[in-house]
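S.K.: In the working numbering, the protein residues as written are 682 to 1071.
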Amino acid sequence: MDMQRFLSRKIVDMPRSGIREFFDLCAGSKDIISLGVGEPDFVTPWNIREAAIFSLEKGHTTYTSNYGLLSLREAIAAYVASFFGVGYDPTCEILPTVGVSEAIDLALRCLLNPGDEVIYHEPVYVSYAPTVQMADGVAVPVQTGIEDLFALNPDKLEAAITPRTKVLMLNFPTNPTGSIAPLETLNRIAEICVKHDIFVLTDEIYSELRYDGVRHTSIASLPGMKERTLLLHGFSKAFAMTGFRLGYCCGPKELIEMMCKIHSYTMICPTITSQEAGIEALRNGQSAMHEMRDSYHIRRDYIVKRFNDMGMDCHLPGGAFYTFPSIRRFGLSSKEFALRLLKEHKVAAVPGTAFGPCGEGYLRCCYATAFSLLEQACDKMARFCDSLKA
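#1: Below 8 Å on the Cβ atoms is my contact criterion, and I expect residue 800 with residue 849 to pass it. Report the Cβ-Cβ distance as a whole number of Å.
#2: So if DSSP puts residue 1064 in a beta bridge, which residue, or which two residues, is it bridged to?
#3: Out of 1037, 1034, 956, which one is the CA nearest neighbour of residue 741?
#4: So for residue 1041, helix, strand or coil by DSSP?
#5: From residue 973 to residue 866, what does the alpha carbon distance come to, in whole angstroms?
#6: Is it buried or exposed, residue 687, if we count other Cβ atoms within 10 angstroms and call 16 or more buried?
#7: Just to confirm, are residue 733 and residue 958 a CB contact at a threshold of 7 Å?
#8: What does the Cβ neighbour count give for residue 802, buried or exposed, with the cut at 16 atoms within 10 Å?
#9: Leaving aside the five residues before and after residue 839 along the sequence, list all residues of the same chain whose C-beta is less than 7 Å from its C-beta, in chain order.
#10: In the structure shown, what three-state DSSP assignment does residue 772 receive?
#11: Within its chain, find whatever has a CB closer than 6 Å to the CB of residue 818; leave out the 5 residues flanking it on each side and keep chain order.
#12: At 4 residues or longer, and completely inside the segment 916-952: list those alpha helix (DSSP H) runs for me, N to C.
#13: Taking just the CA atoms, how far does residue 847 sit from residue 924?
#14: From residue 857 to residue 1004, what distance separates their C-alpha atoms?
#15: Measuring only the C-alpha atoms, how far is residue 776 from residue 971?
#16: When we look at the beta-carbon of residue 864 and count the other beta-carbons within 10 Å, is it buried (16 or more) or exposed?
#17: With which residues is residue 1029 paired in a DSSP beta bridge?
#18: Where do the ends of the alpha helix (DSSP H) carrying residue 685 lie?
#19: Out of 884, 945, 894, which has the shortest C-alpha to C-alpha gap to residue 809?
#20: In three-state terms, what does DSSP make of residue 720?
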C-alpha cells in the first residue's frame, strides 16, 4: 500500500521542528550538557505539586466545563489585572487551554480565512509559521537583527502590511533571543495596528522573567488595544510547570466563544488536576517564582559575559532564559558550529536557523540549567572557540 497517497500534502511538505530535529541527535547520550531545551531546571514548587496531589486524593478526576473551572478563571482574572493591568470577565473572556500552543492554534483557526496574512517577527519560536499554514493563512516574517536588539522595528512592520494582513503575532520577551520591546516601540506598534485594523496575538509566556528591575508591559494594556488583542499566557515558564500543560488566553468574548467551540470538539478541557494546581500557583506561587527569576538573572549575567569573553558576541537579553550569541567570526554556519560543538565537546545548543533564516550566524543557548553545568559548558565552548581561532 502506498501510504503517501493518503497523507495530507500540507503536512508532508511542512518541515520538521528545527529544535526537535537537532535534539534527536542527543537522544540516549548521558554525558551531554544541554543548553538547548527551553525548560526550567527547577522542579515545580512543592505547594503547587501538593495542590495537584490533594486534588487527586479528593477524587477530582472528572471533566470540567469546556471553559475550565470558574475558580481558575477567577484566579486568572485577578492575576492578569494585577500583573498586566488589564481587566477581563472570567465568565466569558478567559479560556484555559492545553498550553499556550493550543491557544495559538485555536485563535488562528478562528481568525483566518484562506489567504489571510499573519505577520510575525523573526527569529521567533518554531511553531508560529507552521501553525499559520495549518490554518490556511500566509505567514509573513519580518526579520529583526542585532541592530534593533532583535525587537520588531515598527517601520519594517508597516512596510510588510498589505490589504490581506489580518493578524500580527508578537512574542516578548522573545524565544529565542530574550529580546524585549521597549515601551515606545510597543506604542508605535499599537498605533500601526489601530491604523490598519490589525488583530494582535501576543504570546507573553516569559513576561514574569524580566530583569534589571524593568516591569513588563503588555500591548493589551495600551490605549485602543484590549478589544483587538488576544493575550496568551500560561504556567510553564514562570512557575516551572511545563509538564502540567496549562495555558490560557484572554480576549474579546466573541473570539473566546469561537475558540471554545473548537476546543470542545478537540481537547475538551485541560486536566482538572492541572487546573487546580494552577489555582495554587496564581494564589501562592509568587515567592518561588521570584526566587527562580533571580537565579536566572545571575545565570544570564554569567553566560553573556563568558560568551563575549570567548569571542561569541552576545547582547544582554532583557527577559526569558535564552541568549543568542553570534558565531559569525568563526567561519562556520550555525548548523556546522552546533554539530561540531556537540560532537567534539558534548555541549548541545540550537542553531539559530531553527528560528528562521535570519538566525544564521547565531546559536540559541538556554541558561535554565544548573549553574555548575553552565560553567562546564562555557569552559568547553571556550576551548572549542579557541580551536577555531588557531
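Every residue gets a Cβ at the ideal spot worked out from N, C-alpha and C, and that includes glycine.
M.R.: In terms of the structure at hand:
#1: That pair is a contact at about 5 Å.
#2: For residue 1064, which the question treats as bridged, DSSP gives no partner whatsoever.
#3: Of the candidates 1037, 1034, 956, the residue whose Cα lies closest to the Cα of residue 741 is 956.
#4: The answer is coil: DSSP assigns residue 1041 none of H, G, I, E or B.
#5: Going by the C-alpha atoms only, they are around 28 Å apart.
#6: It is exposed - the Cβ of residue 687 has fewer than 16 other Cβ atoms within 10 Å.
#7: Going by C-beta atoms, residue 733 is nearer than 7 Å to residue 958.
#8: Per the 10 Å Cβ criterion, buried.
#9: Listed in chain order, the non-local C-beta contacts of residue 839 below 7 Å within the same chain comprise 873, local neighbours out to five positions each way being set aside.
#10: DSSP places residue 772 in coil when its eight states are reduced to three.
#11: Exclusion of the five residues before and after residue 818 leaves 793, 797, 799 as the residues of its chain whose Cβ lies within less than 6 Å of its Cβ.
#12: You should have 934-946.
#13: The C-alpha of residue 924 lies about 33 Å from the C-alpha of residue 847.
#14: Rounded to whole angstroms, the gap between the alpha carbons of residue 857 and residue 1004 is 7 Å.
#15: If I take the Cα positions, the gap works out to 26 Å.
#16: Taking a 10 Å sphere around the C-beta of residue 864, we find fewer than 16 other C-beta atoms and assign the residue as exposed.
#17: DSSP, once it has assigned bridges, lists 715 as partnering residue 1029.
#18: Segment: none, residue 685 is in no alpha helix (DSSP H) and carries neither H nor E.
#19: Measuring from the Cα of residue 809, the nearest candidate turns out to be 884.
#20: Three-state DSSP puts residue 720 in coil, outside helix and strand.
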